[in-house]
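Some notes on the structure that comes next.
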Amino acid sequence: MNNELVELNEGTHELGIKLAEDKAAALIRYLDILETTNQSFNLTRIPRAEYVNLHLLDSLTGALFIPSSPSLRILDIGTGAGFPGVPLAAALPHSQVTLLDSTAKKVRFAQETAHTCGISNCRGLHARAEHIARDNTHRERYDIVISRAVAAFDALIELMLPLTKVGGKVIALKGAKYGEELLGVDDLVMNLGGSPPQVHTVRLPASKIERFLIVVDKVSPTPSKFPRNR
Ligand code: SAH
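So the sequence shown is numbered by our numbering: it starts at 681 and just counts up by one.
Right, here's the structure in full:
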């Protein structure tokens, strides 16, 4: 078996995440196309040897905090080359994942490549989060809003909570410096309709890298003044 497939299967097993065999193979094909495309269009600075750990497994940690109910609507804000949205679509085949990015070429890459690889429960959306947050077809319509490496938590939460349904959840994937970003944000999160942020630590398999998932429950509607113009 392909080494990366072994790394992915062992990694999901260690993390306790279910990923069907055909979807694991689809994600490795996705990485192949990412590496090839990256030679002409800058999509990632991570070296290929770390794609499984830092792109796939890191993205999949989000699934640990997503309820197992079927047909969830999931929004990935600033998906870039498709992370974490595409791996989550592969792991949650009954959910519908929207891959949002303000760069059209990235959205096209992520959607087309996912579909080519057999991950069809995701669609690209070329827009800015602050614009769709003002559009009633998107505002408070997502069960899960997730994001990695897009903005500091205070700016990010103001984009994420307006798009989350009451009863839904926000998940921000963060590195070790998350602590500073959480200082003094509790009032803002509460004003946006969120519960106090909870931080979960996950160690990525086969490495010492610790990742931090900031989870906020949406407990009440977001007042219409949010998101504010910045
Ligand atoms: N989530 C990916 C990409 C991170 S780079 C990963 O972790 O690998 C940040 C991405 O967010 C870029 O592709 C950028 O175009 C997008 N982005 C930044 N601000 C945005 C906004 N307000 N709305 C939508 N996309 C945004």
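Just so it is clear, CB atoms sit at the ideal spot from N, CA and C, and this is done for glycine as well.
Requested in this report: Go ahead and pull the three-state DSSP assignment for His811.
Outcome: helix
How is Ala852 classed by DSSP in three states: helix, strand or coil? If DSSP states are grouped into helix, strand and coil, Ala852 belongs with the strands.
Check your understanding: Between which two residues does the alpha helix (DSSP H) containing Glu890 stretch?
Key -> Taken as a continuous stretch (DSSP letters only), Glu890 belongs to no alpha helix (DSSP H), being part of the beta strand (DSSP E) at Glu890 to Asp897.
Next on the checklist: Quick check: does the Cβ of Thr793 come within less than 7 Å of any heavy atom belonging to the ligand SAH?
Outcome noted: no
Review point. Comparing the CB of Val882 with every heavy atom of the ligand SAH, is any distance shorter than 7 Å?
Key: no
*Give the secondary structure of Ser904 by DSSP, where H, G and I count as helix, E and B as strand, and everything else as coil.*
coil
When DSSP labels each residue in this structure, what does His735 get in the three-state scheme? helix
C-alpha distance - Glu890 paired with Gln878, whole-angstrom precision: 16 Å
Rounded Cβ spacing between Asn801 and Val825 (contact assumed at less than 8 Å) = So it is not a contact: roughly 17 Å between Cβ atoms.
- request: Could you tell me whether the segment 731–747 touches the segment 761–777, using the rule of 3 or more Cβ pairs below 8 Å?
  value: yes
Cβ-based neighbour list, Thr796, same chain, cut-off 6 Å, excluding 5 preceding and 5 following: Sequence-distant partners of Thr796 (beyond 5 residues in either direction) whose C-beta falls short of 6 Å from its own C-beta are missing from its chain.
Once DSSP output is grouped into helix, strand and coil, what is the label at Lys857? Here DSSP, grouped into helix, strand and coil, assigns Lys857 to coil.
**Prompt:** Do Ile851 and Val895 come within 8 Å of each other at the CB atom, strictly closer than that value?
**Reply:** Yes, they are a contact pair.
Item to complete: Can you say whether Thr840 is buried or exposed, counting buried as having 16 or more other CB atoms within 10 angstroms of its CB?
Response: Checking the displayed sequence, the identity of residue 840 turns out to be Met instead of Thr. So Met840 counts as buried.
Practice prompt. Go ahead and label Thr902 buried or exposed: buried means 16 or more other beta carbons lie within 10 angstroms of its beta carbon, across all protein chains shown.
Written response: Answer is buried; the Cβ neighbour count reaches 16.
| Quick one, are the C-beta atoms of Ala705 and Leu734 less than 8 Å apart? | Going by C-beta atoms, Ala705 is not nearer than 8 Å to Leu734.
query = How would you call Val869, buried or exposed, if buried means at least 16 neighbouring beta carbons within 10 angstroms?
reply = By the 10 Å Cβ count, Val869 comes out buried.
Regarding Ile826 and the ligand SAH, is the C-beta to nearest heavy atom distance less than 7 Å?
no
(Q) Looking at Leu862: is its Cβ nearer than 8 Å to the Cβ of Phe906? (A) no
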